[in-house]
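> For reference, the structure I am asking about is given below.
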Amino acid sequence: MNQDIITCPLCGHRFEITGNKACQSCPLNHDCGFVCCPICGYQTVNATYSKIAVLTMQWLDQENKRHPEKKPSP
Amino acid sequence: MINQKMMNINGSIALVGQPNVGKSAIFQRLTGQRVIVSNYPGTTVEVTRGSSRTLTGIEMVDTPGVIAFPPLTEDEQVTEKLLWNEPIKSILQVGDAKNFIRTLILAIQIAEIGIPLVLAFNMMDEAETLGYHFDFKSLSDHLGFSVIPTTAIYGMGIKDLNNALLESNPPNIRLDYGEEIEKAVETFERSIINSIDRLPRINTRSIAILWLSGDTLAENWLKENLDQDEHKLLIQQRDELQNSIHESILASIQRTRYSFIKEITDNAINQVKKGKQGFFTKISRLTTHPVWGWLILAFILYSMYWFVGVFGAGTLVGFFENYLFGELINPWFIKVVESIIPISFLVDFLVGDYGVWTMGLTYAFGLVFPIVTTFFLAFGIMEDSGYLPRLAALSNRAFQDLGLNGKAVLPMVLGLGCVTMATLTTRVLESKREKLLVTLLLALAVPCSAQLGVVMGMLAGISFSAVIIWTSVILLVLLLVGWLAAHVLPGERSLLLVELPPLRLPILANVLVKTIARVEWYLKEVVPLFLIGAAMMFFLDLSGGLTWLTSASKPLVTGWLGLPPEASSAFLMGFLRRDFGASGFYVMQSEGLLTPVQVLVAMVTVTLFVPCIASVLMISKERGWQTAVGVVLFIFPLAIFVGGLLNRILLFIGWGA
């Protein structure tokens, strides 16, 4: 599961969290835990910011590796 | 492998493409870290420039998104000016492979300019997921320029793009637009070649087609450079041409382009639809249908009512608040505190009626946590399935029917995520009028996802009809205030252009991870606020301020809104955050202090309050403190007025009796 690339839930634009222009121009950009789409501005959660979410992602990745016959999560 | 001999060339490569096709992602892949962002001369439109990573001496120019020529917006005009005036060596068009017809129509227009062109068919992974198969050789051969498949976000196809750019030549394309148009094009070309010494860098045929299509830049250029009489003669010929054909010249030209592209793509592109995709395509169409769309929205609302309201706010809160906190944790903790702390003031501060533990933490974890968790799960499913842009398209129709601005819909849908951030995005709106209007509507009647969860959880405790009444009142206020404001603040309306990504079955892993991250963020944000709120209530109670406030606000709270006097403390909490206020009402409801009518009135009133302190600060920052004060002074009386009116209507019709 690659959470560094986010698909905007509103406009479908895919962008990388690093170097996100929208965050650079935001006055609340100090580790707010969210990321805004550089195209439409929709604010979505940055899962890499949450330790529990990161642990869950790692667990899901391990599960995917353990059960390769299941469709891996993107 | 890039041809080393051709690497030392100079000039610019312009990246051109429609909005939201991954142009900036390709730009980032092609350039290094150092880029220069500057306003295009005479405009506020930003153009980004950077050196190519692999092509020495080449500057890459990321132009503003353009949907088609002739341009309609300032952004599109800048791109057109840039192509006319700058020494562009090649054009790299980035297009969405899924929307290949739209991409290729723009490609034809760019190809006609006569500058070497390469087309990147981007987002190939998404196109392939949809079952598309492309014959790129056939496409390139028929179009007369290279078409390269790319998925920029993963860096796929970038090397091929660089190679194609090195070998690019002026496209060999000449569409036949019909005898009458071709004759007018020929006359135009002859006229400008004979009369104007300094022609732009772009093809004269392209200038002719643009001018015949009503392009402003071509028209202005012609006015400046051509003799007045000759200019008049050309206009006369164009008018004659327009009279001789049954549609607009632009429509006729676009129709020819469309037919040409259709013929090519019918042979070079095919789609193998899988069963599920066909089903989702049908559902996708229904979600924006003027009748079915609203029925589907009602169904989603009903499902959320069951999941968030009945299960989250009923079953889970029953377990967390009543059992876990009410029967196990709080009695034990109160006993421990009372036994180890001898000072009654401190005991009350921690575990009294307004104690930071018994009120602050119990509200946050026993009440709000289960509700927002179920709501974030439901919201995550909506997000991941691609329903939100469809909701924007559906509500856009309703807003436009009432004479409201189409573009204003988008920030309001963004407000469902976070109103504070959505206030920031009003920057993208063009006029001051639009910015002010949307800021007001956001602060008034758009609850953020967390607040929506708590409100919905409370209403579900009554009945589904309560959810429907609450939704209708909020929508009615939103539309009415929007409609009035749109008429008080006249100005140009702009269209909403939103591209609908494919509707799909949500991926549970994504939804789960997002929900966890959201809940963690929410708790981090609200727990301190709940603690501060509880402490504030404690001191107000201790100092007698709460009693005074309750009696002072009695005419409004009891007289007008028909709520018990204790409701004033919940409203006070609502000034900090709407959901904090809603939690206060939730506790009153669970203690049997509120009737169904009172719950509904309280929820409508508190939803119409200003969302939170952060949003007021954001309004002040973006629109100035006078506007922020104005918005607050408008919203609070209106919220109370609507709440009281609803109270009378509900009592009159005997609802909930």
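Protein sequence lines, in the order shown, are assigned to chains A and B.
Here the first sequence is numbered in our numbering, starting from 42 and rising by one per residue.
Here the second sequence is numbered in our numbering, starting from 21 and rising by one per residue.
Beta carbons are placed, not taken as given, at the ideal position from N, Cα and C, and that holds for glycine.
State yes or no: is the beta carbon of B:P409 nearer than 7 angstroms to at least one beta carbon in chain A?
Sequence index remark: in the second sequence, residue 409 of chain B carries index 389 (1-based). With 7 angstroms as the cut-off, B:P409 counts as an interface residue toward chain A.
> Are B:A127 and B:L139 close, meaning C-beta to C-beta below 7 angstroms?
The residue labelled residue 127 of chain B in the question sits at position 107 within the second sequence. The residue labelled residue 139 of chain B in the question sits at position 119 within the second sequence. Cβ atoms of B:A127 and B:L139: closer than 7 angstroms.
> Using only alpha-carbon positions, find the residue among B:A505, B:K252, B:L414, B:M402 that is nearest to B:P526.
As a position in the second sequence, residue 526 of chain B is number 506, starting the count at 1. Ranking B:A505, B:K252, B:L414, B:M402 by Cα distance to B:P526 puts B:M402 first.
> Which of the three DSSP states is assigned to B:L150 in this structure?
As a position in the second sequence, residue 150 of chain B is number 130, starting the count at 1. Three-state result, B:L150: coil.
> From this set, B:V649, B:T93, B:I273, which residue's C-alpha is nearest B:P39's C-alpha?
Here residue 39 of chain B corresponds to residue number 19 of the second sequence, with the count starting at 1. For the residues B:V649, B:T93, B:I273, the minimum Cα distance to B:P39 belongs to B:T93.
> Round the Cβ separation of B:L464 and B:V493 to the nearest angstrom and send it over; I've been treating them as touching at under 8 angstroms.
For the purposes of this step, residue 464 of chain B is taken as residue 444 along the second sequence, with counting starting at 1. For the purposes of this step, residue 493 of chain B is taken as residue 473 along the second sequence, with counting starting at 1. Not a contact, Cβ separation roughly 12 angstroms.
> Leaving out five residues before and five after B:Y60 in sequence, what residues of the same chain have Cβ atoms less than 6 angstroms from its Cβ?
Looking up residue 60 of chain B in the second sequence gives position 40. For B:Y60, where only same-chain residues beyond five positions count, the Cβ hits under 6 angstroms are V67, V98.
> Indicate whether B:V662 and B:V497 have their beta-carbon atoms separated by less than 7 angstroms.
Indexing the second sequence from 1 puts residue 662 of chain B at position 642. Indexing the second sequence from 1 puts residue 497 of chain B at position 477. Yes, these two residues count as a Cβ contact at 7 angstroms.
> Quick one: which chain A residues come within Cβ less than 7 angstroms of B:L680?
There is simply no residue 680 of chain B to check, as chain B begins at 21 and stops at 677 in what is shown.
> Please determine, among B:E146, B:T149, B:P136, the residue with the shortest C-alpha to C-alpha distance to B:V167.
Start at 1 with the first residue of the second sequence, and residue 167 of chain B comes out as number 147. Among B:E146, B:T149, B:P136, the Cα nearest to that of B:V167 is on B:P136.
> Give a yes or no on whether 7 angstroms exceeds the smallest Cβ distance from A:I58 to chain B.
If you number the first sequence from 1, residue 58 of chain A lands on position 17. With 7 angstroms as the cut-off, A:I58 does not count as an interface residue toward chain B.
> Report the three-state DSSP secondary structure of B:A398 (helix, strand or coil).
If you number the second sequence from 1, residue 398 of chain B lands on position 378. Of the three classes helix, strand and coil, the one that applies to B:A398 here is helix, per DSSP.
> Does DSSP put B:G109 in a helix, in a strand, or in coil?
Along the second sequence, one-based indexing puts residue 109 of chain B at 89. As written in the sequence, residue 109 of chain B is Lys, which differs from the Gly given in the question. B:K109 falls in the strand class under three-state DSSP.
> Kindly indicate if chain A contains any beta-carbon less than 7 angstroms away from that of B:R538.
The residue labelled residue 538 of chain B in the question sits at position 518 within the second sequence. Output row for B:R538: interface = yes.
> Kindly indicate which three-state DSSP category B:D217 falls into: helix, strand or coil?
The residue labelled residue 217 of chain B in the question sits at position 197 within the second sequence. Here B:D217 sits in coil by DSSP.
> Mark B:R194 as exposed unless 16 or more other C-beta atoms lie within 10 angstroms of its C-beta, in which case mark it buried.
Taking the second sequence and counting its residues from 1, one reaches residue 194 of chain B at position 174. The residue in question, B:R194, is exposed, as its Cβ has fewer than 16 Cβ neighbours within 10 Å.
> Taking Cβ positions, are B:G134 and B:T123 nearer each other than 7 angstroms?
Translated into positions along the second sequence, residue 134 of chain B becomes position 114. Translated into positions along the second sequence, residue 123 of chain B becomes position 103. Cβ atoms of B:G134 and B:T123: not closer than 7 angstroms.
> Three-state secondary structure (DSSP) at B:P631?
Against the second sequence, residue 631 of chain B aligns to sequence position 611. Reduced to three states, the DSSP call for B:P631 is coil.
> Is A:C52 close to chain B? Criterion is C-beta to C-beta, closer than 7 angstroms.
Taking the first sequence and counting its residues from 1, one reaches residue 52 of chain A at position 11. Output row for A:C52: interface = yes.
> According to DSSP, what are the bridge partners of A:I46?
The residue given as residue 46 of chain A occupies position 5 in the first sequence. DSSP output for A:I46 lists A:E57 as bridge partner(s).
> How many Å lie between B:I284 and A:Q84 at the Cα?
As a working mapping, residue 284 of chain B is identified with position 264 in the second sequence. As a working mapping, residue 84 of chain A is identified with position 43 in the first sequence. Cα to Cα, the separation comes out at about 40 angstroms.
> Pull up the distance between the alpha-carbon of B:E466 and that of B:F605, whole angstroms please.
Working through the second sequence from its first residue, we reach residue 466 of chain B at position 446. Working through the second sequence from its first residue, we reach residue 605 of chain B at position 585. The displayed chain sequence assigns Val, not Glu, to residue 466 of chain B. Near 20 angstroms, if we compare the C-alpha coordinates of B:F605 and B:V466.
> Just mark A:G96 as buried or exposed, buried being the case when its beta carbon has 16 or more other beta carbons within 10 Å.
Residue mapping note: residue 96 of chain A aligns to position 55 of the first sequence, counting from 1. In the sequence on display, residue 96 of chain A carries Leu and not Gly. Exposed: under 16 other Cβ atoms inside 10 Å.
> Tell me which residues share the same chain as B:I320 and place their Cβ nearer than 8 angstroms to its Cβ, disregarding the 5 neighbours each side in the sequence.
Translated into positions along the second sequence, residue 320 of chain B becomes position 300. The answer, listed in chain order, is M402, Y407.
> So which residues on chain A does B:P521 lean against when the C-beta distance must stay under 8 angstroms?
Position 501 of the second sequence, counting from 1, holds the residue named residue 521 of chain B. Correct list: T48, C52, G53.
> In chain B, what lies closer than 8 angstroms to A:V86 by C-beta?
Along the first sequence, one-based indexing puts residue 86 of chain A at 45. Those are K534, A537, R538, W541, listed as they occur along chain B.
> Helix, strand or coil for B:D82 per DSSP?
As a position in the second sequence, residue 82 of chain B is number 62, starting the count at 1. In this structure, B:D82 counts as strand in the three-state DSSP scheme.
> Going along chain A in order, which residues have a C-beta closer than 8 angstroms to the C-beta of B:I173?
For this step, residue 173 of chain B is matched to residue 153 along the second sequence. Simply I46, R55, F56, E57.
> Using a beta-carbon distance below 7 angstroms, is B:N40 in contact with chain A?
As a first step, residue 40 of chain B must be located in the second sequence, where it is residue number 20. Closer than 7 angstroms: yes.
> For B:A418, decide whether its Cβ has a neighbour in chain A, counting only Cβ atoms nearer than 7 angstroms.
Taking the second sequence and counting its residues from 1, the one referred to as residue 418 of chain B is at position 398. No - not a single Cβ of chain A is within 7 angstroms of the one on B:A418.
> Nearest to A:K78 by alpha carbon, out of A:A94, A:L101, A:S91, A:E57?
Taking the first residue of the first sequence as position 1, residue 78 of chain A is located at position 37. The question names Lys, but residue 78 of chain A is Cys in the sequence shown. The shortest C-alpha separation from A:C78 is found at A:E57.
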